[in-house]
Amino acid sequence: MPELPEVETIARGVHERVRGQSIVQVWFSSHRQPFKTPAVRQARELEDRPILAVHRTGKHIVCELGSASGGHLDKVGSMPVAQWIVHLGMTGRLLVTTLDAPVALHTHARLSLSGGKELRFVDPRRFGRLEFRDLDREAGFCAPGAEPLTIGPDAFAALFRGRRLSIKAALLNQALLAGVGNIYADESLFQAGIRPRKSCGRLTRTELERLRAALLQVLEHAIRLGGSSVSDYVDADGVRGFFQLEHCVYQRTGQPCRLCKTPIRRILVAGRGTHYCPRCQS
DNA sequence: CATTTCACCTGGTGGC
DNA sequence: TGCCACCAGGTGAAAT
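As numbered in the working numbering, residues 7 to 288 make up the first sequence, in order.
Quick look at the structure:
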């Protein structure tokens, strides 16, 4: 499941490979689900536009686009006038392939590019979303929550102050922090030595600062390793990540804790499978 | 308003 | 061997 490190890895890969190229032709599957903007309008809007840059915000991939009419006149670095926003959901992939590469099952979008490659969106469970924004008429995409890689100690602590829900549920709330999902919530709570069910309001300032530092460290480490491939995650080239090998608790139910050998436990918190060490996380 | 539950999806798994 | 119930979880809408 793509979370911040996986989405960051994909966005970087796509950026390197498609920056400066124009979208030549757009094909969408007939499935209704993945489109936040209706497919017909989305396809018409995307065609002929140059891709100026690709970056990540929260779990969203944002492609900054130039204007269609004078696409060849736009230079990389000029102001974007539109955006194509991709959310991968649970099983979404965004791949840069050759034009003649075999089309994977559950391919929902194919954007052929001026450089002779293709940008493909593949998503078996169709939880992903594709959206187009015309920046002349609407605001640019902005994740609702704070960015975990840059948020400071005070702002981080303020997110959780006065809340009664569990810290695990709060970490998963995208309106508070953008980009944290089940894997990195569990891993950062382990690193910080905090029980997932602990109420936000009962966390001390020291614990919150430990959590912020742990989250930052875990996310940066995961980005360096190209993300976690736990189900079928791959980067823009179809290459798997390596951070799953470093997981301390996620999907390690019953296995010995890497620090104290106590078997890792799995419980349900806020309806999500949650993994923790009963000894290291007090 | 804050918080919880559920529906949306398909592939993989385990029981019989 | 085959079939089927069930689970995985990001998100947003509905319920509490």
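We treat Cβ as the ideally placed atom computed from N, Cα and C, and that holds for glycine.
- A Cβ-Cβ contact shorter than 9 Å links V20 with V102.
- When the Cα atoms are used, M96 and K65 turn out to be separated by approximately 11 Å.
- DSSP lists V60, W90 as the bridge partner or partners of C69.
- Per the C-alpha coordinates, the member of L58, Q27, D142, I173 positioned closest to T280 is I173.
- A direct Cα-Cα distance of roughly 28 Å separates E153 from L52.
- Looking from the CA of L117, the closest CA among V87, A49, V32 belongs to V32.
- Per the C-alpha coordinates, the member of D192, G199, A145, A176 positioned closest to I273 is D192.
- Rounded to whole angstroms, I57 and N179 show a C-alpha spacing of 31 Å.
- DSSP assignment within the region 151 to 206 yields the following whole alpha helix (DSSP H) runs of 4 residues or more, N-terminal first: 159 to 166, 173 to 178, 188 to 198.
- Taking C-beta atoms as the reference points, F127 and T113 count as a pair closer than 9 Å.
- Within the same chain, P154, S194 come within 6 Å of L221 by CB-CB distance, once the 5 residues on both sides are set aside.
- The alpha carbon of A59 has as its nearest neighbour, out of R50, F41, M85, T43, the alpha carbon of M85.
- Taking the C-beta atoms as reference points, R99 is found no nearer than 9 Å to I189.
- Cβ neighbours of A198 within its own chain (closer than 6 Å, five residues either side excluded): R216, L217, A220.
- In this structure, F138 sits near A88, with a CB-CB distance shorter than 9 Å.
- Residue pairing by DSSP places L136 opposite F41, V92 in a beta bridge.
- Along the length of the region 7 to 35, whole beta strand (DSSP E) runs at least 3 residues long occupy 29 to 34, reported in chain order.
- For E226, the enclosing alpha helix (DSSP H) has its first and last residue at 211 to 230.
- With distances taken between CA atoms, G121 lies nearest to T104 out of L111, T104, R135, A110.
- Per the coordinates, the alpha-carbon of D142 lies some 21 Å from the alpha-carbon of G26.
- With a cutoff of 9 Å on beta-carbon distance, P44 and G233 are scored as not near each other.
- Under the three-state reduction of DSSP, A115 is assigned to strand.
- Around the Cβ of V68, a 10 Å sphere holds 16 or more other Cβ atoms; the residue is buried.
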